[in-house]
Each structure stands twice: as structure tokens, then as C-alpha cells.
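Numbering (the numbering used here), first residue to last: 4 to 255.
This is how it looks when you write it as C-alpha cells:
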């Protein structure tokens with residue numbers, strides 16, 4: 004098994020969870036209702052915890068003295084492997100909901116497939132996270148339906164959000180090269196099945212509220228799994244990494 008491929012895949016999972024959690028933290032004090040704010044903060048904490056587990060394992064595999072904190076706070080944006088989708092702006096609540104829904108579907112099916120990995124550590128992390136992500140997906144699916152079946156304005160906002168975010172779903176329907184390599188080596192199950200299940204679940208939810216699923220997104224020259232990101236990731240990291248970089252020797 005290629006160590007580089009395994010590390011990149013672990014970071015792909017960890018970075019996507021971490022950046023999603025960081026984006027959700029931006030909504031603290033700004034969510035449309037107190038109940039929703041509590042839910043979003045809890046989801047964000049779940050994802051940061053999951054990111055920690057993936058990065059702990061990645062740090063052990065790298066074995067160069069770096070910790071999970073080093074991987075989170077001392078890598079530049081080109082070294083990050085997260086999905087492009089999760090680094091996009093929160094936007095209005097329809098955008099936040101739609102972005103979480105697309106990610107949750109992918110995250111759920113990815114974790115479900117990883118429970119069949121031949122790597123026991125991956126299985127353990129995925130199985131634990133799957134319990135939390137099952138709730139995340141149930142919640143975001145219900146909110147998509149609320150927007151679609153609510154007022155004329157709420158449905159309009161959801162459709163705009165789908166249209167604006169859809170181009171970033173290419174990575175969700177097309178497995179990256181690292182995943183393909185690990186599948187070829189027998190470490191994970193077929194990532195294309197995850198992609199197929201993503202589209203199936205999205206279509207089921209959209210069909211239930213009379214929304215037509217768009218055609219698969221076209222290839223973008225950017226690829227988050229290869230470290231090629233939108234300018235937004237750099238802005239996120241500048242804020243998230245400020246303290247560890249400004250005071251690298253500080254301890255609690």
C-alpha cells in the first residue's frame with residue numbers, strides 16, 4: 004500500500020470535515036433561529052472531532068514528528084485536500100442548507116463504504132463517525148424539503164442555491180485518483196459506487212419535492228484533492244491558523 008496515497012486520502016476526509024466545521028462556526032450568533040444555531044454548532048463540533056481522528060491517523064502514518072494539530076494549523080492551502088464545495092461561502096440559509104446536504108450525502112455514503120475497508124483503523128473511525136453523520140444527513144434532507152415545500156420565496160432561494168453550488172459537485176460524482184488507487188490496492192471499496200449512491204440519494208430527495216436533478220457537473224480545472232482550491236480556502240486558513248502561526252510555542 005502506498006503511504007502517500009493513504010495519507011492523502013486520510014487528509015481528504017479530515018480536511019473536508021474540518022473546513023465544513025470551520026464554515027459552520029462562522030454562523031455562531033448569526034443563524035436564523037436559536038434552535039438552528041445550536042444544531043449547526045453541534046454538527047460543526049462533530050465534524051471537527053472527526054477531522055481530529057483522521058488527522059491523528061494521518062500523523063501516525065507520516066511519522067515525521069508532526070501531530071494532528073500540526074497538520075491542521077501548519078499546512079498551506081496547496082497542502083489541503085478538502086472538497087471544493089465545503090470551502091464556499093455560507094451565503095443565505097438556503098445556500099448553507101444545500102451545501103450541507105450535498106456534503107452530508109457524500110459523507111454518509113463514503114463512511115458507509117469505509118466500514119468495509121481492510122484497514123481496521125479506517126473502519127473504526129468511519130463506524131464512529133457514521134452514527135453522527137446519519138443524523139446530519141437526516142437533518143439537512145428535511146431542511147431541503149422545508150425550503151422546497153415552504154413559500155414561493157423559500158423554494159426560489161433553494162433553486163438558486165442548487166444552481167450556484169452544482170458546479171462544485173463534480174468531485175462528489177467523480178472519485179479522485181487517490182481513492183481509485185486505494186481501491187485498486189484493496190484498501191477501500193469501489194469509490195464509484197459511493198458516487199453513484201450520492202446521485203441516487205440526491206435524486207430521491209429532489210424528486211420528493213418535485214425538483215429535477217441537474218445533469219452531472221462538468222469538469223473544473225480545480226481539484227481540491229490535489230490541492231488546487233478557490234481563493235476562499237486561503238481566507239479561511241488565514242483566520243483559522245492565525246494563533247498557532249503567530250504563537251507557535253504557546254500552550255494551554
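Cβ coordinates follow ideal geometry from the N, Cα and C atoms, glycine included.
**Item:** Which of helix, strand or coil DSSP assigns to residue 167
**Value:** Here the question's residue 167 lines up with position 164 in the chain shown. DSSP places residue 167 in helix when its eight states are reduced to three.
**Asked** Is it true that the stretch 60-70 meets the stretch 23-31, where meeting means three or more beta-carbon pairs spaced less than 8 Å apart?
**Response** no
**Asked** Any idea what DSSP makes of residue 152, helix, strand or coil?
**Response** Here residue 152 refers to the residue found at position 149 of the chain shown. Note: residue 152 maps to helix in three-state DSSP.
**Contact set for residue 15: own chain, Cβ-Cβ below 6 Å, skip 5 residues either direction** = Looking up residue 15 in the chain shown gives position 12. Once the five neighbours on either side are set aside, the close Cβ partners of residue 15 are 84 and 228.
**Prompt:** Which class does residue 59 belong to by DSSP, given the choice of helix, strand or coil?
**Reply:** One-based indexing of the chain shown puts residue 59 at position 56. DSSP places residue 59 in helix when its eight states are reduced to three.
**Request:** Going by DSSP, name the residue or residues bridged to residue 231.
**Result:** In the chain shown, the residue the question calls residue 231 occupies position 228. Note: residue 231 sits in a beta bridge opposite 226.
**Request:** Specify the secondary structure class of residue 94 as computed by DSSP and reduced to three states.
**Result:** The count along the chain shown starts at 1 and reaches residue 94 at position 91. DSSP places residue 94 in coil when its eight states are reduced to three.
**Prompt:** Would you report the Cα separation of residue 155 and residue 221, rounded to the nearest angstrom?
**Reply:** Looking up residue 155 in the chain shown gives position 152. Looking up residue 221 in the chain shown gives position 218. Cα to Cα, the separation comes out at about 29 Å.
**Request:** With DSSP as the reference, label residue 115 as helix, strand or coil.
**Result:** Stepping through the chain shown from its first residue, residue 115 is reached at position 112. Note: residue 115 maps to helix in three-state DSSP.
**Message:** Is the separation between the beta-carbon of residue 103 and that of residue 118 shorter than 8 Å?
**Reply:** Taking the first residue of the chain shown as 1, we reach residue 103 at position 100. Taking the first residue of the chain shown as 1, we reach residue 118 at position 115. Cβ distance not < 8 Å, so residue 103 and residue 118 don't count as in contact.
**Request:** Determine the contact status of residue 90 and residue 233, defining contact as a CB-CB distance below 8 Å.
**Result:** Counting from 1 along the chain shown, the entry for residue 90 is found at position 87. Counting from 1 along the chain shown, the entry for residue 233 is found at position 230. Taking 8 Å as the Cβ cut-off, residue 90 and residue 233 qualify as a contacting pair.
**Prompt:** When the Cα of residue 219 is compared with those of 212, 100, 169 and 153, which residue comes out closest?
**Reply:** Along the chain shown, read from residue 1 onward, the residue named residue 219 stands at position 216. The residue with the shortest Cα to Cα distance from residue 219 is 169.
**Prompt:** For the putative contact between residue 200 and residue 112, defined by C-beta atoms under 8 Å, what is the C-beta separation to the nearest angstrom?
**Reply:** For the purposes of this step, residue 200 is taken as residue 197 along the chain shown, with counting starting at 1. For the purposes of this step, residue 112 is taken as residue 109 along the chain shown, with counting starting at 1. The pair is a contact, with the Cβ atoms about 4 Å apart (cut-off 8 Å).
**Request:** Could you pull out every residue in the same chain whose Cβ sits closer than 7 Å to the Cβ of residue 177, ignoring the five residues on either side in sequence?
**Result:** Within the chain shown, the letter at position 174 stands for residue 177. 198, listed in sequence order.
**Asked** In angstroms, rounded to a whole number, what distance separates the CA positions of residue 207 and residue 149?
**Response** Counting from one through the chain shown, the residue named residue 207 turns up at place 204. Counting from one through the chain shown, the residue named residue 149 turns up at place 146. Their backbone Cα atoms lie some 15 Å apart in a straight line.
**Rounded straight-line distance, which links the Cα of residue 53 to that of residue 237** = For the purposes of this step, residue 237 is taken as the residue at position 234 of the chain shown. For the purposes of this step, residue 53 is taken as the residue at position 50 of the chain shown. Answer to the nearest angstrom: the Cα atoms are 22 Å apart.
**Request:** Please go through the same chain and pick out, in chain order, the residues whose beta-carbon is closer than 6 Å to the beta-carbon of residue 192, but skip the five residues on each side of it.
**Result:** Residue numbering aside, residue 192 sits at position 189 when the chain shown is read from its first letter. Here the set comprises 116 and 119.
**Prompt:** Shortest alpha-carbon distance to residue 235 belongs to which of 157, 79, 121 and 37?
**Reply:** Your numbering for residue 235 matches position 232 in the chain shown. It is 79 whose Cα lies nearest to the Cα of residue 235.
**CA nearest to the CA of residue 246, picked from 77, 211 and 18** = Here residue 246 refers to the residue found at position 243 when the chain shown is read from its first residue. Checking every option, the nearest Cα to that of residue 246 belongs to 77.
**Asked** If you compare alpha carbons, which of 17, 42 and 73 is closest to residue 250?
**Response** As a position in the chain shown, residue 250 is number 247, starting the count at 1. Out of 17, 42 and 73, 73 has the C-alpha closest to the C-alpha of residue 250.
**Prompt:** What residues in its chain sit with their C-beta under 7 Å from that of residue 151, if we drop five residues either side in the sequence?
**Reply:** Position 148 of the chain shown, counting from 1, holds the residue named residue 151. Result list for residue 151: 158, 161, 212 and 214, in chain order.
**Request:** Please confirm whether residue 167 and residue 98 have their CB atoms less than 8 Å apart.
**Result:** Mapped onto the chain shown, residue 167 falls at position 164. Mapped onto the chain shown, residue 98 falls at position 95. It is a contact, given that the beta carbons lie within the stated cut-off.
**Request:** Could you tell me if residue 130 is buried or exposed, where buried requires 16 or more neighbouring beta carbons within 10 angstroms of its beta carbon?
**Result:** Position 127 of the chain shown holds residue 130. Classification for residue 130: exposed.
**Prompt:** By DSSP, does residue 32 sit in helix, in strand, or in coil?
**Reply:** Start at 1 with the first residue of the chain shown, and residue 32 comes out as number 29. Residue state, collapsed to three classes: coil.
**Asked** Who are the near neighbours of residue 107 in its chain, counting only those whose CB is closer than 7 Å to its CB and skipping five residues on each side?
**Response** Position 104 of the chain shown, counted from the start, is the residue given in the question as residue 107. These residues qualify, in order along the chain: 136, 139, 140 and 143.
**Request:** Could you check if residue 164 is buried or exposed, using at least 16 other CB atoms within 10 Å of its CB as the buried criterion?
**Result:** The residue given as residue 164 occupies position 161 in the chain shown. Classification of residue 164: buried, given that the 10 Å Cβ count is 16 or more.
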